[in-house]
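Peer 1: Residue numbers (my numbering): 296 to 623.
Beta carbons are placed, not taken as given, at the ideal position from N, Cα and C, and that holds for glycine.
(1) Measuring straight from C-alpha to C-alpha, what distance separates residue 428 and residue 439?
(2) What's the C-alpha gap between residue 450 and residue 443?
(3) Skipping 5 residues on each side, what residues in its chain have a beta carbon closer than 7 Å to that of residue 664?
(4) Check for me: the beta strand (DSSP E) holding residue 379 runs from which residue to which?
(5) With a cut-off of 8 Å, does the C-beta of residue 558 fall near any C-beta of chain C?
(6) Look at the alpha carbon of residue 323 and the alpha carbon of residue 331, and state the distance between them as a whole number of angstroms.
(7) Starting from residue 328, trace the beta strand (DSSP E) both ways and give me its first and last residue.
(8) Distance, Cα to Cα, residue 342 vs residue 350?
(9) Give the DSSP bridge partners of residue 509, in chain order.
(10) So which of 523, 407 and 530 has the shortest CA-CA distance to residue 506?
(11) Got a sec? Which residues, its chain only, sit under 8 Å from residue 585 by beta carbon, not counting five neighbours each side?
(12) Below 8 Å, how does it come out for the stretch 383 to 397 and the stretch 348 to 366: are there three or more Cβ pairs, yes or no?
(13) In angstroms, rounded to a whole number, what distance separates the CA positions of residue 296 and residue 570?
(14) Relative to the alpha-carbon of residue 288, which residue among 577, 346, 546 and 499 has its alpha-carbon at the smallest distance?
(15) What residue from 419, 392 and 611 has the CA that sits closest to residue 269's CA?
(16) Here's the rule: buried if 16 or more other CB atoms are within 10 angstroms of the residue's CB, otherwise exposed. What is residue 424?
(17) By the 10 Å Cβ neighbour count, where 16 or more other Cβ atoms means buried, how is residue 376 classified, buried or exposed?
(18) Rank 448, 473, 536 and 486 by C-alpha distance to the C-alpha of residue 502 and give the top, closest one.
(19) In whole angstroms, give me the CA-to-CA distance for residue 623 and residue 597.
(20) Could you compute how far the alpha carbon of residue 493 sits from the alpha carbon of residue 454?
(21) Between the stretch 304 to 313 and the stretch 514 to 534, are three or more C-beta pairs nearer than 8 Å?
(22) Can you name the residues that DSSP bridges to residue 478?
(23) If contact is defined by three or more beta carbon pairs under 8 Å, each pair taking one atom from either stretch, is the stretch 532 to 540 in contact with the stretch 553 to 570?
(24) Would you call the CB atoms of residue 654 and residue 479 closer than 8 Å?
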């Protein structure tokens, strides 16, 4: 059911958002959830439980990494009576999976791959244990100012930036799922929620609590009565830290020597016209080149990335999806 988006009453806006998210979950058939137990997935899991649905949760906690999500996922699983499967891959397991991930996504961007490998492993395990459709929390950070750089923007600029993200946001889970194969549902990027989000002001989205600045203010407040405080006010944790895949950076730094890196970076620059930033990117670029030609040899419709010469699909994009360069 659609609700009007024109009320200036903060309480009314929170009620509108809550109804929209509840409806989005109800409309999507799923039997699993990728449960990081940040705000976004905790809301989805809670709504599903309140609707009488029994989801199975999957959570990634890399054996050699920080794994910050697992304790929170355990809290939510206990609270909701949810069957939680914690996956504890070793770094060597992630490296073994990485070429398949690179083949699907067509990127050697370290940040994208550190984050997406967690989704890949989670979806893969979900399929193995018989889950057919997985809910993910994708989209909430983009639409409700969940990233720190967003809630530190000038207030007048934030709504316009969210409108831009609404047009260009991209989620690897939607690309990965058909390749496994498994289905994914992303309730936050439903059309009604997206339309509502772009009507919000910086005041709706950003606030402070106990001296800490938070994004997603309206989303936190809309569901505060059904979540534990440690979840409602959990500080945004990037996927790579929550899952522990950030440890791949250290792995690459130790696996590739300084001289080896300097020599190969120079060779790649001269032969492929790609500027490699660090050892981790070199590690992934080696895998990328076993599958793809240099980015500069790909067809271009709009503009090229200055760092890898690869195609950038939109003139208004400031980020390269192939190498991760920003700004471009």
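Peer 2: Inspection of the coordinates gives the following:
(1) 25 Å
(2) 13 Å
(3) Here the chain covers residues 296 to 623 and nothing more, so residue 664 does not appear.
(4) 378 to 382
(5) Here chain C cannot be found, since the structure has a single protein chain.
(6) 19 Å
(7) 327 to 329
(8) 11 Å
(9) 502
(10) Scanning 523, 407 and 530 for the CA closest to the CA of residue 506 turns up 530.
(11) 394
(12) yes
(13) The predicted position of residue 296 is uncertain, since its pLDDT is 36 and thus under 50; no value can be drawn from it.
(14) Residue coverage of the chain in this structure runs from 296 to 623, which leaves residue 288 outside it and unanswerable.
(15) Any answer about residue 269 is impossible in this case: the structure gives the chain only from 296 up to 623.
(16) exposed
(17) exposed
(18) 448
(19) 13 Å
(20) Each residue's Cα considered, the two are about 6 Å apart.
(21) As far as the Cβ criterion goes, the stretch 304 to 313 touches the stretch 514 to 534, which means the pair count is three or higher.
(22) 428
(23) no
(24) This structure cannot settle anything about residue 654, because the visible part of the chain is limited to 296 through 623.
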